[in-house]
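S.K.:
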Amino acid sequence: MREQSRLTPGRVLRLALLILGAIIFLAPYIFMISTAGKAQDDIFTAALSLIPQQFRYLENFSKALAKVDMGRLLWNGVLVCALIFFFQVIVAIPCAYAMAKLRFRAARTMMALVMLGLLVPIHATALPLYVGFDKLSLLNSYTALVAPFTISVFAIFLFLQFFRAMPDDLINAARLDGMSELGIISRVIVPNAWPAVTAFAIFSVVAHWNDLYWPLIVISKPQYATPPLGLMNFRAAEAGDDYGALMAATIIITIPLVAAYLFAQKRFVEGITMTGLKG
Amino acid sequence: MASIAINHEGAASAAVQHERSEARTAWLLATPAIVLLVLFVLLPVVAVLILGFTDFELGVGNIRFVGFENYTHLFGDRIFRKALWNTTLYTAIVAPVSILLGLGVAMLIEGEGWAKSFFRTAYFLPVVSLIVAMATVWQYLFHPTIGPINALAGLAGLPKLNWLGSSSTALYSLAIIGIWQSVGFNMVLFLAGLTAIPRELYAAAEIDGAKSSLDRFRLVTWPMLGPTTLFVVIISITNAVKTFETVKTLTDGGPNHASEVLLFTIYQEGFVYMKVGYASAMTVVFLAILVVLMFLQYRILDRRVHYT
């Protein structure tokens, strides 16, 4: 901590460990980018050379784009994540506000429900939900992809903590100004709750962009496939070892979230720290 | 509601009026959440509990209550027992290793001022990468003939392995991916914990004779990180128990059920073989595991409040 500028043996060891670890952790990305530019025979001969002998990026990327409807996958991913986030917030904020700032008898029961809900992942409710969606002929639809996640008890929990810390005077002043409760939520609470909303947005998007379990269950038609599902199907169909095209597809699908992270690193890290939860 | 109104008829003050309208507003605001919560969480959980006592199969007409038959069947089921064991083994590897590495990396980064944000990014990137996509990359890295890992092993004179394809290494290969994926997440939580430790404590420890960095770690860092660590432990275990994506994409539970984990078995029985009743009983076991973990977390969070 003190001998920051000098290269003491301790510091050299520390840096060596960090750099070695970073190389190991980045290796999959390095190989992904390298392999996406290699020709098939190149892949089969030199596993450790990172520079492709002939650059086949264009070929591999166009092959990936021709075989999978990437635009469709990415659009589905964006649409599903956006809808889920929109409903989660619009449902959770009023509920959390009521629990934090208004007096009503059910608040305690609600709190117990929220704590209970935090425990239950989609894996536990998937069977009856699947049967229900099947009976309503809703499988293979955006509704099936979005509906089960419109309620996020985690969002309620997070916003509740945040709203409790807001001063009551702020709300009382707004009431004296003649604002309705909905007006207070949209014009006083939400603008002040921005850090919590951003943190939750990151949590929600990372979780649902990556989710494979539920889409795998309810979607069998390619036109509704989300990025993980689409890539999995592409992989399964591509039973051979066309790793060049596979890596190209992998890059296209990995980029959106990684780019978002690189642009807003601080926010992401804050969001992850604040929500402290995953999956 | 009605009886309350009658009782207070004489003294229907503005305050009571106000309280009632406040409660009404609260109900209105909470109603969408309550309805969805009942529809998508409470009812399905109750349904799973009930279905676990039936022989319900999708596409087969009649449902019969079978009592605890599913459960007795479950513990005699070799595949289910294998899945439970594999989930335990996977968790026993991934959770401790990713916690220790997460802590180690966080301490190295915190102690090193140089290129802090580069290192943080490098280790954190897997957390925000699409796991199915990165699993594809790992499949290439692990490839028995063209994979770089075996090429490296060859250079070092080590035997080449069929990492994902042999039943003796499949689960461990998945565990390596699991560790790679969660170290960055744990690191970020530990970094947050480390920054919260007041600098004066280190100075005080030094005055008290804690000369080596190991002493400082034992006397200051470790106790102060206690709450963070317990939190990370529970989250890591929960996430490891929920592992599914890599198993489904890379091994399909194989070879010979060597990498079959709990969620994969539930998925297979319930959504592939359509044995909803049987898979529901498995889900109840899965939920029971989560309940125990959640209970531990409450106890821990409780203690955390007393400490600070």
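Chains as they are written, first to last, in the UniProt record's numbering: chain A, 1 to 279; chain B, 1 to 308.
The beta carbon of each residue, even a glycine, is placed where N, CA and C say it ideally should be.
It should be emphasised that the depicted structure is a prediction, and the values quoted were computed from it without experimental measurement.
1. Taking all protein chains shown into account, do 16 or more other C-beta atoms lie within 10 angstroms of the C-beta of Tyr-278(B), making it buried, or fewer, making it exposed?
2. Among Arg-199(B), Thr-136(B), Ile-289(B), Gly-226(B), which has the Cα closest to the Cα of Glu-231(A)?
3. Nearest to Pro-27(B) by alpha carbon, out of Ala-249(A), Val-205(A), Tyr-97(A)?
4. Does chain B have any CB closer than 8 Å to the CB of Arg-6(A)?
5. Which residues in chain A have a C-beta closer than 8 Å to the C-beta of Glu-22(B)? List them in chain order.
6. Pull out every residue of the segment 191-208 of chain B whose Cβ sits closer than 7 Å to any Cβ of chain A, in chain order.
7. To the nearest angstrom, report how far apart Leu-201(B) and Val-220(B) are at their CA atoms.
8. Pull up the DSSP beta-bridge partners for Phe-65(B), would you.
9. Quick one: residues in its chain with C-beta nearer than 6 Å to the C-beta of Ser-93(B), no 5 flanking neighbours on either side, listed in chain order?
10. Secondary structure at Glu-112(B), three-state DSSP: helix, strand or coil?
11. 8 Å is my cut-off, CB to CB: does Met-294(B) come that close to chain A?
12. What does the Cβ neighbour count give for Thr-45(A), buried or exposed, with the cut at 16 atoms within 10 Å?
13. Contact between the segment 142-153 of chain A and the segment 80-99 of chain A is defined here as three or more beta-carbon pairs at a separation below 8 Å; is this criterion met?
14. Taking just the CA atoms, how far does Thr-145(B) sit from Ala-151(B)?
15. Give a yes or no on whether the minimum CB-CB distance between Lys-242(B) and chain A is below 8 Å.
16. With Ala-193(A) and Ala-92(A) assumed to form a contact (beta carbons below 8 Å), what rounded beta-carbon distance in angstroms separates them?
17. Let me check understanding here. Comparing Cα to Cα, which of Pro-227(A), Met-274(A), Ala-264(A) lies closest to Leu-125(B)?
18. Give me the Cα-Cα distance between Pro-256(A) and Thr-226(A), rounded to the nearest whole angstrom.
19. Return the first residue and the last residue of the alpha helix (DSSP H) that Met-274(A) is part of.
20. For Leu-18(A), I'd like the list of residues in its chain whose CB is within less than 7 Å of its CB, leaving aside the five on either flank, ordered along the chain.
21. For chain B, is any of its Cβ atoms less than 8 Å away from the one on Cys-81(A)?
22. Using only the alpha-carbon positions, how far apart do Leu-58(A) and Leu-74(A) sit?
23. At a CB distance below 7 Å, what residues from the segment 29-59 of chain B approach chain A? Give them in sequence order.
24. By Cβ distance below 8 Å, which residues in the same chain neighbour Met-294(B) in space, the five residues on each side in sequence not counted?
25. For Leu-129(A), I'd like the list of residues in its chain whose CB is within less than 7 Å of its CB, leaving aside the five on either flank, ordered along the chain.
26. So, are the CB atoms of Leu-58(B) and Phe-190(B) less than 8 Å apart?
27. For the pair the segment 42-49 of chain B and the segment 242-258 of chain B, tell me if three or more CB-CB distances fall below 8 Å.
28. Mapping the DSSP letters down to three states, classify Gln-297(B) as helix, strand or coil.
29. Check this for me: beta carbons of Leu-130(B) and Ile-179(B), under 8 Å apart or not?
30. State buried or exposed for Asn-62(B), treating a residue as buried only when at least 16 other CB atoms are found within 10 Å of its CB.
31. Looking at the structure shown, is Ser-117(B) part of a helix, part of a strand, or coil, going by DSSP?
32. Cβ closer than 9 Å: which chain B residues qualify as neighbours of Ile-43(A)?
33. Identify the contact partners of Arg-235(A) in chain B, using a Cβ-Cβ distance below 9 Å as the criterion.
34. Considering only residues of the same chain and omitting the five flanking positions on each side of Ser-220(A), which have a CB-CB separation below 7 Å?
35. Going by the CB atoms, is the gap between Arg-64(B) and Asp-55(B) shorter than 8 Å?
36. Quick one, which residues of the segment 157-176 of chain A are near chain B if we go by CB-CB under 8 Å, in chain order?
M.R.: Answer, in terms of the structure:
1. Start at 1 with the first residue of the second sequence, and residue 278(B) comes out as number 278. It counts as buried.
2. Sequence index remark: in the first sequence, residue 231(A) carries index 231 (1-based). The sequence given here has Leu at residue 231(A), not Glu. Checked all of Arg-199(B), Thr-136(B), Ile-289(B), Gly-226(B); the closest Cα to Leu-231(A) is Thr-136(B).
3. Translated into positions along the second sequence, residue 27(B) becomes position 27. The amino acid at residue 27(B) is misidentified as Pro; the sequence shows Trp. Considering only alpha carbons, the answer is Tyr-97(A).
4. Numbered from 1 along the first sequence, position 6 holds the residue referred to as residue 6(A). By this cut-off, Arg-6(A) is not an interface position.
5. In the second sequence, residue 22(B) corresponds to position 22, counting from 1. The contacting residues are Leu-102, Arg-103, Phe-104.
6. Ala-192
7. The sequence position of residue 201(B) within the second sequence is 201, counting from 1. The sequence position of residue 220(B) within the second sequence is 220, counting from 1. Answer to the nearest angstrom: the Cα atoms are 7 Å apart.
8. To locate residue 65(B), count along the second sequence from 1; it is residue 65. Its beta-bridge partners are Thr-54(B).
9. Translated into positions along the second sequence, residue 93(B) becomes position 93. Note that residue 93(B) is Ile in the sequence shown here, rather than Ser. So the qualifying residues of the chain are Ala-175.
10. Locating residue 112(B) in the second sequence gives position 112, counting from the first residue. In the structure shown, Glu-112(B) sits in coil (DSSP, three-state: anything other than H, G, I, E or B).
11. Within the second sequence, residue 294(B) is the residue found at index 294, counting from 1. For Met-294(B), a Cβ of chain A is located within less than 8 Å of the residue's own Cβ.
12. Mapped onto the first sequence, residue 45(A) falls at position 45. Burial call: exposed.
13. yes
14. For this step, residue 151(B) is matched to residue 151 along the second sequence. For this step, residue 145(B) is matched to residue 145 along the second sequence. Approximately 8 Å, taken between the alpha carbons.
15. Translated into positions along the second sequence, residue 242(B) becomes position 242. Cβ-Cβ to chain A under 8 Å: yes for Lys-242(B).
16. Residue numbering aside, residue 193(A) sits at position 193 when the first sequence is read from its first letter. Residue numbering aside, residue 92(A) sits at position 92 when the first sequence is read from its first letter. In this structure, Ala-193(A) and Ala-92(A) do not form a Cβ contact; the two beta carbons are roughly 11 Å apart against a cut-off of 8 Å.
17. Position 125 of the second sequence holds residue 125(B). Selected option, being the one with the closest Cα: Ala-264(A).
18. Within the first sequence, the letter at position 256 stands for residue 256(A). Within the first sequence, the letter at position 226 stands for residue 226(A). Pro-256(A) and Thr-226(A): Cα-Cα distance of roughly 13 Å.
19. Taking the first residue of the first sequence as position 1, residue 274(A) is located at position 274. Residues 265-275.
20. By 1-based counting over the first sequence, the position of residue 18(A) is 18. Answer for Leu-18(A): no residue qualifies.
21. Taking the first sequence and counting its residues from 1, the one referred to as residue 81(A) is at position 81. Judged by the 8 Å Cβ criterion, Cys-81(A) is not in contact with chain B.
22. Taking the first sequence and counting its residues from 1, one reaches residue 58(A) at position 58. Taking the first sequence and counting its residues from 1, one reaches residue 74(A) at position 74. Leu-58(A) and Leu-74(A): Cα-Cα distance of roughly 20 Å.
23. So the close ones are Leu-29, Ala-30, Pro-32, Ala-33, Leu-36, Leu-37, Phe-40, Val-41, Pro-44, Val-45, Ala-47, Val-48, Leu-51, Leu-58.
24. Taking the second sequence and counting its residues from 1, the one referred to as residue 294(B) is at position 294. Result list for Met-294(B): empty, nothing under 8 Å.
25. Counted from its first residue, the first sequence places residue 129(A) at position 129. Within the same chain, Leu-129(A) has close Cβ partners Pro-148.
26. Here residue 58(B) corresponds to residue number 58 of the second sequence, with the count starting at 1. Here residue 190(B) corresponds to residue number 190 of the second sequence, with the count starting at 1. Cβ distance not < 8 Å, so Leu-58(B) and Phe-190(B) don't count as in contact.
27. Segment contact: the segment 42-49 of chain B against the segment 242-258 of chain B, fewer than three CB-CB distances shorter than 8 Å; contact not assigned.
28. Looking up residue 297(B) in the second sequence gives position 297. Under the three-state reduction of DSSP output, Gln-297(B) falls in the helix class.
29. Your numbering for residue 130(B) matches position 130 in the second sequence. Your numbering for residue 179(B) matches position 179 in the second sequence. No, the pair does not count as a contact, with Cβ atoms beyond the cut-off.
30. On the second sequence, residue 62(B) is found 62 positions in, with the first residue counted as 1. Exposed is the call here.
31. Here residue 117(B) corresponds to residue number 117 of the second sequence, with the count starting at 1. The answer is helix: DSSP assigns Ser-117(B) an H, G or I state.
32. Position 43 of the first sequence, counting from 1, holds the residue named residue 43(A). Ordered by position in chain B, the residues that pass the 9 Å Cβ test against Ile-43(A) are Tyr-140, Ile-146.
33. Residue 235(A) sits at position 235 when you count from the first residue of the first sequence. Neighbours of Arg-235(A) on chain B, chain order: Val-132, Ala-135, Thr-136, Gln-139, Thr-249.
34. Within the first sequence, the letter at position 220 stands for residue 220(A). Within the same chain, Ser-220(A) has close Cβ partners Asn-140.
35. Position 55 of the second sequence, counted from the start, is the residue given in the question as residue 55(B). Position 64 of the second sequence, counted from the start, is the residue given in the question as residue 64(B). Yes; because the gap between Cβ atoms is below 8 Å, this pair is in contact.
36. none
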